[in-house]
Amino acid sequence: MKPWLIFGAGHGVGAHLLSLANQHATAAPNPRSVTLLIRNPQQAETLRSQGLTVVCGDACDPASVLEACQLAGPEAAIISTLGSRSADYQGNRLIIDTAEKTGIKRMLLVTSIGCGDSWPTLSPAARAAFGQAVREKSLAESWLQTSGLIYTLVRPGGLIDQPATDNAVCLQAEAHGLVTREDVARHLSKMIEDTATYHQIYALIDPELTRKIKMN
1457 MKPWLIFGAG HGVGAHLLSL ANQHATAAPN PRSVTLLIRN PQQAETLRSQ
1507 GLTVVCGDAC DPASVLEACQ LAGPEAAIIS TLGSRSADYQ GNRLIIDTAE
1557 KTGIKRMLLV TSIGCGDSWP TLSPAARAAF GQAVREKSLA ESWLQTSGLI
1607 YTLVRPGGLI DQPATDNAVC LQAEAHGLVT REDVARHLSK MIEDTATYHQ
1657 IYALIDPELT RKIKMN
């Protein structure tokens, strides 16, 4: 099993992915190695006390990212679920560049529907609301696609905080809708070592959840 190097594990999808890793650690005879970059010092210390390898730092800080990549090792798979104005492009670009320098080959990047070639499918209202973030994430996608890394791009629909439904589907076509953060994490965990997902781009939505929200 590949070690995991998670950027963005402090909250959201990344936190759910970390929870999955912890569940595996308690169930499997050979726990998966997990390395994290966490910005909040208190949170970093709490996770470190749980036996995790934690670098306390910022994803836009070269020294912090380098330390995390070196600790994880070249066999690691990077999963970035970062989501902030500074990290959407600059942070992910730094991670990609540092991964190449340290010999890491595999990376999964979570962006959003509307990125890259799906930009034309966004409504004017959506572009006005979060178009800047989508464009920054699109730059990160392009940087990863033109790197030497084995990438998978995951573009989830609108993220919501509800328990996983296990109804989410990956599509390689135009798709809009909703999906739980936990379901995104579950799909990511399955993709990491699935060679069929190498150099692929997926939209990720929950059709049933989207339908129910529309009916209410």
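If you read the sequence shown in this note's numbering, its first letter stands for residue 1457, the second for the next number, and so on. Glycine residues also receive a C-beta, built at the ideal position from the N, C-alpha and C atoms.
query, result
"Pick from 1458, 1491 and 1457 that is closest to residue 1471, judged by C-alpha positions", "1491"
"Continuous beta strand (DSSP E) stretch holding residue 1659: start and end", "1656-1661"
"Cβ distance (whole Å) where residue 1567 is taken to contact residue 1611 below 8 angstroms", "5 angstroms"
"4-residue-minimum alpha helix (DSSP H) runs that sit fully inside the region 1593-1650, ordered along the chain", "1637-1647"
"contact_flag[the region 1595-1612, the region 1549-1564] where n(CB pairs < 8 angstroms) is 3 or more", "yes"
"Span of the beta strand (DSSP E) around residue 1533", "1533-1536"
"9 angstroms Cβ cutoff met for residue 1469 and residue 1644", "yes"
"Limits of the alpha helix (DSSP H) - the one that residue 1569 falls within", "That residue, residue 1569, is in no alpha helix (DSSP H); it is neither H nor E in DSSP."
"Helix, strand or coil at residue 1672 [DSSP, three-state]", "Interpretation of residue 1672 is limited by its pLDDT of 49, a score under 50 that renders its predicted location unreliable; the figure taken from the coordinates is listed afterwards. The answer is coil: DSSP assigns residue 1672 none of H, G, I, E or B."
"Span separating the alpha-carbon of residue 1660 from that of residue 1590", "16 angstroms"
"Burial state of residue 1662, where buried means 16 or more other Cβ atoms lie within 10 Å", "buried"
"Reduced DSSP category for residue 1504 - H, G, I as helix; E, B as strand; rest coil", "helix"
"Beta-carbon proximity of residue 1533 to residue 1564, cut-off 9 angstroms", "yes"
"Below-9 angstroms beta-carbon distance, residue 1496 vs any chain E residue", "Considering every chain present, this structure includes no chain E. It has just one protein chain."
"Contact under 9 angstroms by Cβ, residue 1516 with residue 1542", "yes"
"C-alpha gap between residue 1672 and residue 1617, whole angstroms", "Model confidence at residue 1672 stands at a pLDDT of 49, short of 50, so the residue's coordinates are unreliable and nothing is read from them."
"Simplified DSSP state of residue 1551, which is helix, strand or coil", "helix"
"Backbone CA spacing between residue 1595 and residue 1528 [nearest angstrom]", "25 angstroms"
"Segment limits, alpha helix (DSSP H) that includes residue 1516", "Here residue 1516 belongs to no alpha helix (DSSP H), and DSSP marks it neither H nor E."
"Straight-line Cα distance separating residue 1641 from residue 1474", "9 angstroms"
"Buried or exposed by the 16-neighbour rule on C-beta atoms within 10 Å, applied to residue 1579", "exposed"
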